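Okay, structure first, notes after.
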Amino acid sequence: MSQTDQVSYIAIGENKKDSSPNGVEQNIDTSTIDKNTEKIKLSEFGQAALAYLNKGFSVIPLRQKDKNSLVSWREFQKRLPTEDEVIDWWTKWPDANIGIVTGEISGIVILDIDGDEAFDVLQQKYGISKDELLKNPHVKTGKGYHIYFNHPKDGKLYKNFARQKEKLDFRGDGGYGVAPPSIHPDGPTYDWVLSPFEVNLQELLEGLKNFCDGVKEDDLNDSSKKLRLNDDEGVKYPDSDFEKIMEKCAFVLECVKNARTLSEPEWHSALSIALFCKNGEEKAHEISEPYDDYSFDETQMKIEKLMEFGPKTCAKIQEEHGNECCKDCPVNGLITSPIVLGYPPLKRDIPSIVIETCPDPSEREELFEQVKDLLIPFKYWVTIDGIKELRGEDEPAVLVTNQPIVITTIFEDIHDHTEKVKLLFYRLGKWKEITMNRDEMLNNKKLEKYGKQGLDVNSNNSKHLVKYLAQFESLNISRLKVKNTYSLLGWNGNKFITQNGVLTEDGFEKDSNVMFHPNFGEPSIELNVQENEEFYKVAKYVLPRLFQINDIKVVLLIIGWFFAASIAPKIREKTNKQFPILNVWGKRGAGKSTLVELLVRMVGLKDELLAISSNFTLTKAMSESNAVPAVFDEYKPSEFSDSKLNTLNQKLKLAYRGDPDSRGQQDLSVKKFHLTAPIVIIGEDHFNDQALRERSVVVTLNRRWLDENGDKAHKALFEVLEHPEFRLEDFAYGFYKYIIGYAKDRKFLSDDLELAKEIIEQPAFDNVPYRNKNNTKVLVVGIQMLRRLIKTLEIEVDISMEDVLYSVLYGLDHILVENKTSLDLSMEHMVNNLSDFIRKFTVDQNPQQAIAFDGEKLYVSYAKFTQYIEDASKSNLDLPNKKQLKQELKENEESKGYILESKKQKSISGKNWGKMIWIDWGKLKTVIDVEDIDIESVTIS
13 MSQTDQVSYI
23 AIGENKKDSS
33 PNGVEQNIDT
43 STIDKNTEKI
53 KLSEFGQAAL
63 AYLNKGFSVI
73 PLRQKDKNSL
83 VSWREFQKRL
93 PTEDEVIDWW
103 TKWPDANIGI
113 VTGEISGIVI
123 LDIDGDEAFD
133 VLQQKYGISK
143 DELLKNPHVK
153 TGKGYHIYFN
163 HPKDGKLYKN
173 FARQKEKLDF
183 RGDGGYGVAP
193 PSIHPDGPTY
203 DWVLSPFEVN
213 LQELLEGLKN
223 FCDGVKEDDL
233 NDSSKKLRLN
243 DDEGVKYPDS
253 DFEKIMEKCA
263 FVLECVKNAR
273 TLSEPEWHSA
283 LSIALFCKNG
293 EEKAHEISEP
303 YDDYSFDETQ
313 MKIEKLMEFG
323 PKTCAKIQEE
333 HGNECCKDCP
343 VNGLITSPIV
353 LGYPPLKRDI
363 PSIVIETCPD
373 PSEREELFEQ
383 VKDLLIPFKY
393 WVTIDGIKEL
403 RGEDEPAVLV
413 TNQPIVITTI
423 FEDIHDHTEK
433 VKLLFYRLGK
443 WKEITMNRDE
453 MLNNKKLEKY
463 GKQGLDVNSN
473 NSKHLVKYLA
483 QFESLNISRL
493 KVKNTYSLLG
503 WNGNKFITQN
513 GVLTEDGFEK
523 DSNVMFHPNF
533 GEPSIELNVQ
543 ENEEFYKVAK
553 YVLPRLFQIN
563 DIKVVLLIIG
573 WFFAASIAPK
583 IREKTNKQFP
593 ILNVWGKRGA
603 GKSTLVELLV
613 RMVGLKDELL
623 AISSNFTLTK
633 AMSESNAVPA
643 VFDEYKPSEF
653 SDSKLNTLNQ
663 KLKLAYRGDP
673 DSRGQQDLSV
683 KKFHLTAPIV
693 IIGEDHFNDQ
703 ALRERSVVVT
713 LNRRWLDENG
723 DKAHKALFEV
733 LEHPEFRLED
743 FAYGFYKYII
753 GYAKDRKFLS
763 DDLELAKEII
773 EQPAFDNVPY
783 RNKNNTKVLV
793 VGIQMLRRLI
803 KTLEIEVDIS
813 MEDVLYSVLY
823 GLDHILVENK
833 TSLDLSMEHM
843 VNNLSDFIRK
853 FTVDQNPQQA
863 IAFDGEKLYV
873 SYAKFTQYIE
883 DASKSNLDLP
893 NKKQLKQELK
903 ENEESKGYIL
913 ESKKQKSISG
923 KNWGKMIWID
933 WGKLKTVIDV
943 EDIDIESVTI
953 S
């Protein structure tokens, strides 16, 4: 680690002493972190988390004063978080509690003791004394202690469990413990009595090993030693025993015990398990009867509806109701649904997999290679020729498919935690893969549609295949690869997601557990970044020639925007979420598409630009990235219908701030898509909508320049496209590594934004509207990123600050319309309508208290005015809708316009008029015609 990356950790047991609420000495150093010369002040919790990480513990953030994780933590059972991840977490959630993932990853296990009775049990049953236990690092909790030990690392799994009667809990593989200085939900602070920074962790006592009953991983799959981990989700469960489920599932048991006071979602979850057991409907009514308003007929109707769905999965239960009940489950993470806990034991009297019948030894070897680490469910026979279900000695086997099919990977979305699965199958002499939503795999009708992609499934065998796949998944749940999916190309924390893998400053991550997967079908944006060593050569050759292909001010604007787009999420954090649209326009032959297509290829995109087409296609493309441009060509507003143009304009305005666009689903729900992709629009016309012009960098390409410099431009273009030793696409790999390094050093962006601020404070920008100034800042940052790269690589291109200023001012030439912003124009329309508004609501006839004037300020009812404008906007498209109006009013207030307060309570003549818009009448009169406004009629004394 370089000196500038050095992090100052909390040193528990070595630095200053702070007295905890319980009077236990706790040692905390809340010094700042000196990271890349930027001082970051972390909270006490963040400093402690870094200290634990430095100790080798896998830490995760938990909700404030709570035990539930704020992040998906499955991956941190297999790897430690990075320092940057920990810093980001506790910068985002400074008061988050701290969880330490137990098990082999952190090298620890935790014994949770709730009182002296538990100590007595350990002494009597296992010969372990209290004094012996408290020699180990331990935390004082509200009722007892958390005692820390080294993980045995003896090849056994030490799973979580809880023995409520004995008041003993154990956190081992697959669990986590809450660590100091976290705060308990009931109020007390977790405090070290003896910390692992003061004494070394001790080996797990032999008596405790017997108590914990570690199990070899292979034994989990032996039905004679361990529960059959098997799940038939999506089909009938006639043999599952609800009483056995209650014995083993804390969630179901709690639902039954508290049946009278269950919430509707909890009741649904409990019934979804009971209904698929023996005598399921009877059990469902038993659970429902304690409820005060129980009705047999109404309950039966709901039961029939619930029967259309399968039993709830463990993941869904934890998502909807929290993981408090599930975290101590001994098979947490090994089964997909509580329904399997009631299965009868199965005898392993049939081989798991039969490969001897493969006629060709190479085929046998190839099949075995695909499944060697996986188990085939009981009573199934899998060969290269397909899958058979064996029914019994005297019954013929049922042919399920004519091809072998196995699940290889489970994907969990980082944001919404939905799951996908990858199926591997054999067809036409090749192994092929299909990735689908998990619920599609477990629904025979949805699974059938994959027959078009080569999977051997149809209406005759789909139910049998669903049953096989469900059993295969749960049998192998602990063996399958688990990856996180991210539906956005671009930034995820400090890493950059591409379709080829996860990029860091050092290159592609090896065996990364994160991958890109679009929300729907094939991605609209195709980012193909290939590892290569040509970046320096390409950059040094191509960048100077780009400035010969067109006018320098045009090239700088476009390249600057593309560079800035690569860190768009970082810029949005500094600019109230705003990132400008790039509108490149010019008449035929001006070179607009050529120049953009070169940049598109250099950042790793296909040069087949997107078409401006259907509503959903636009939404899909604009929501697939947060730093990779969505580039649309053929912008011809004169040829678009009003509906198409309005739809495009609305989506572009949403994309400016990365706001969500909604789309209805087949199940009548509404899904939101955040339009976060940086957008490029190319055409022979510029935006006519003034609101869009404010939200855009408008770059005009003039054919005259090409006419005068054609020979030089064509020569440079030919040299760029026809170089024999490299491709333009080879620039992308090194470019993104450079971008990641730039973003990692927070000072770069901070310095470049400061420079941009100095530029827009020059007199030349005095009359530039608020949004256009922000767009200019973004361009300056992008151009500075380019200048830094040129300097680092010692490329012979001279870009002076005069060039930068000249270029960004050129980008403003075609944005301003009589120096009025869209806010000014829309407010002008609105205020011109005020004369009608005032006639309706005079002081003498004003029961609704809509408008008043005190000689300096105009007060307008926020609710009445927004409703009035929304009604008027239906016939006047230049007016904003209610949501846009709220944003426009707020921005005018923040930019010191004529709005003094966009929404503030006002009392007039001793009466509360509610929330009003406060308007500076003097400023307003300078931009609108007020001659026909009878202001005296609403003047108050």
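In this note's numbering, the protein residues as written are 13 to 953. Beta carbons: idealized from backbone N, C-alpha and C, even for Gly. Values in this document were obtained by computation on a predicted structure and should not be read as measured data.
Check	Outcome
Residue environment, Ala956, which counts as buried when at least 16 other CB atoms sit within 10 Å	This structure gives no information on residue 956, because the portion of the chain shown stretches from 13 to 953.
Tyr306 versus Ala296 - alpha carbon distance	12 Å
Between the CA atoms of Ile72 and Asn109 - distance to the nearest angstrom	9 Å
Residue from Gln560, Phe747, Met813, Val711 whose Cα sits closest to the Cα of Leu718	Gln560
At least three beta-carbon pairs within less than 8 Å, the region 754-765 to the region 538-545	no
Whole runs of the alpha helix (DSSP H) within the region 588-674, excluding any shorter than 4 residues	604-614, 627-634, 654-669
Rounded separation between Phe423 and Leu435 - CA only	12 Å
Per DSSP, the bridge partner or partners of Thr688	Per DSSP, none; premise fails for Thr688.
Alpha-carbon to alpha-carbon, Asp425 and Asn496	6 Å
Exposed unless 16 or more other CB atoms sit within 10 angstroms - verdict on Lys665	buried
Same chain only: Cβ atoms within 7 Å of Ile947, ignoring 5 sequence neighbours per side	Phe865
Contacting residues, own chain, Cβ-Cβ under 6 Å from Asn458 (five flanking each side not counted)	According to the sequence provided, residue 458 is Lys. The question's Asn does not apply to it. If we look at Lys458 and ignore the five residues flanking it on each side, its Cβ neighbours are Glu452.
Cβ-based burial, Gln465 [other Cβ within 10 Å; buried from 16]	exposed
N- and C-terminal bounds of the alpha helix (DSSP H) containing Tyr271	Residue 271 is actually Ala in this sequence, not Tyr. Neither: Ala271 is in no alpha helix (DSSP H) and is coded neither H nor E.
Close Cβ partners of Glu336 (< 8 Å) along its chain, the five nearest in sequence each way excluded	Lys79, Asn80
Bridge-paired residues (DSSP) for Asn162	Ile120, Glu215
8 Å contact criterion, which Val418 and Pro592 should meet: CB distance rounded	About 48 Å separates the two Cβ atoms, so there is no contact after all.
Check whether Arg450 and Val433 have beta carbons under 8 Å apart	yes
Beta-carbon contacts of Arg957 that lie in its chain and below 6 Å, excluding the five residues immediately before and after	In the structure as shown, the chain starts at 13 and stops at 953, and residue 957 therefore has no counterpart that could be examined.
Other residues of its chain near His333: CB distance less than 8 Å, five sequence neighbours each side excluded	Phe263, Pro277, Glu278, Ser281
Close-in-space but distant-in-sequence residues of the same chain around Lys937 (CB under 7 Å, 5 per side omitted)	none
Secondary structure of Gly115, DSSP reduced to three states	strand
Residues near Leu287 in its chain [Cβ-Cβ closer than 8 Å; skip 5 each side]	Glu293, Lys295, Ala296, Ile315, Leu318, Met319, Pro323
Buried or exposed by the 16-neighbour rule on C-beta atoms within 10 Å, applied to Val950	buried
7 Å CB neighbourhood of Glu646 in its chain, flanking five on each side removed	Ala623, Ile624, Gly695
CB of Asn661 within 8 Å of CB of Leu704, strictly	yes
Beta bridge counterpart(s) of Met527 as assigned by DSSP	Thr497
Start-to-end residues for the beta strand (DSSP E) that takes in Ile72	70-74
According to DSSP, residues forming a beta bridge with Asn109	Leu74
Sequence-distant residues of its chain with Cβ nearer than 6 Å to Lys604 (five each side left out)	Val596, Gly598, Ile694, Leu713
The region 93-106 in contact with the region 122-139 per 3-pair CB rule at 8 Å	no
Identity of the residue in Lys586, Lys927, Gly502 nearest Leu539 by Cα	Gly502
Other residues of its chain near Ile140: CB distance less than 7 Å, five sequence neighbours each side excluded	Leu134, Leu217, Gly219, Leu220
Given Cys341 as reference, the closest of Ile489, Val792, Gly184 once Cα atoms are compared	Gly184
Closest by C-alpha distance to Lys155, when choosing among Leu180, Lys168, Tyr910	Leu180
Backbone secondary structure at Ile564 - three-state DSSP	helix
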